[in-house]
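> So the sequence shown is numbered by the numbering used here: it starts at 1 and just counts up by one.
Following this message is one structure expressed as C-alpha cells.
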Amino acid sequence: MRILGGKYKGINIDTSKNISYRPTQTRIRKSIFDILNPFTYTNVLDLYSGSGILGFESASRGAKSITFVEIDRKAISLIGKNKNKFSNNIFKIVRQSSTVFLNKIDKNYDLIFADPPYDNMDYYALVNVCVEKLAKNGKLILEMRKNNFSLEGAIVKQYGDTKVILYTKK
1 MRILGGKYKG
11 INIDTSKNIS
21 YRPTQTRIRK
31 SIFDILNPFT
41 YTNVLDLYSG
51 SGILGFESAS
61 RGAKSITFVE
71 IDRKAISLIG
81 KNKNKFSNNI
91 FKIVRQSSTV
101 FLNKIDKNYD
111 LIFADPPYDN
121 MDYYALVNVC
131 VEKLAKNGKL
141 ILEMRKNNFS
151 LEGAIVKQYG
161 DTKVILYTKK
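See below:
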C-alpha cells in the first residue's frame, strides 16, 4: 500500500498476508481523506490499527501525534518497521485491546479511526467511549460491514459491503 497524499505521498507501507487484518481499501481511504480535507487534526488515534495505514496517512498530511493501538503482535511489529520510513518521531505504538486502552486513557484526540473486526462488535459501546475521548469538533471515523447501525448526526458512506461512519463531536 502507498501513502496517497501529503509530505510522504508515494511511500510504500509494508503489509503481510500472514497477519489477520483487513487494510482499508485505497478508494475508501482516498474518500475518507478527501472528506477530512483540509487536514487540521493534530492528535490522531488509530484503533484496531492493523497495517497502520490510516495513521501513517494522517502523519503524511500533518498530524503531530499518532497513537496506534493493536492487539496482534505481528501487526505491531510491522507498524514498528513501517514507522522507520518517516523522518519524524511522532508515533506511539500500544499493544493492547482497543477497549482496554480507551477505558484507561484521559487524553482527548482530534481524530479517531476505528476499524474493528467485523464480527461480534458492540458498535454502540465502542462509539460511546470513542466520543468521550474526542476533543470538541473532533472526528470519529468508524469502518464496518454494511449493516443497520446508525449514529445520529453522522455522515454515512457506503462502498460495496463496507460502510464508513464519519461523526463530528459538537
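For glycine and all other residues, C-beta sits at the position ideal for the given N, C-alpha and C.
The structure displayed is predicted, hence computed values, not measured ones.
By Cβ distance below 7 angstroms, which residues in the same chain neighbour GLY80 in space, the five residues on each side in sequence not counted?
ILE93
> Can you give the Cα-Cα distance for MET121 and TYR41, rounded to whole angstroms?
27 angstroms
> Output yes or no for whether 8 angstroms exceeds the beta carbon distance between LEU166 and ILE141.
Taking a C-beta distance under 8 angstroms as the contact criterion, LEU166 and ILE141 qualify as a contact pair.
> Where DSSP assigns a beta bridge to ASP46, which residues make up the other side?
Its beta-bridge partners are PHE68 and PHE113.
> Along the beta strand (DSSP E) that carries ILE177, what are the first and last residues, could you check?
For the chain, the structure presents residues 1 to 170; residue 177 sits outside this window and is missing.
> Using alpha carbons as the reference points, say which of MET1, PRO23 and ILE13 lies closest to TYR118.
Ranked by Cα distance from TYR118, the first of MET1, PRO23 and ILE13 is PRO23.
> Who are the Cβ neighbours of TYR159 in its own chain at under 6 angstroms, not counting the five residues just before and after it?
ILE28
> Assuming TYR21 and GLY50 are in contact, meaning their beta carbons sit under 8 angstroms apart, how far apart are those beta carbons, in whole angstroms?
3 angstroms
> For LEU45, which residues from the same chain have a beta carbon less than 6 angstroms from its beta carbon, with the 5 sequence-adjacent residues on both sides left out?
Only THR67, TYR109 and ILE112 meet the Cβ criterion.
> Please check the pair SER16 and LEU47, which I expect to be a contact at CB under 8 angstroms, by giving their CB distance rounded to whole angstroms.
Not quite, the Cβ-Cβ distance comes to about 20 angstroms (not below 8 angstroms), so this is no contact.
> If GLU143 and ASP115 are in contact, beta carbons under 8 angstroms, what's the gap, nearest whole angstrom?
4 angstroms
> Could you pull the start and end residues of the beta strand (DSSP E) that GLY6 belongs to?
Premise fails: GLY6 is in no beta strand (DSSP E) and is neither H nor E.
> In chain order, what residues of the same chain have a beta carbon less than 7 angstroms from the beta carbon of ILE71, not counting five sequence neighbours either side?
ARG95, GLN96 and SER97
> As a quick exercise: from LEU36, ILE11, ALA59 and LEU134, pick the residue whose alpha carbon is nearest that of ILE155.
LEU36
> Can you tell me which of VAL100, LYS74, SER77 and LYS64 puts its alpha carbon nearest to the alpha carbon of ASN88?
LYS64
> Quick check: the Cα distance between SER58 and PRO38, rounded to an integer number of angstroms?
12 angstroms
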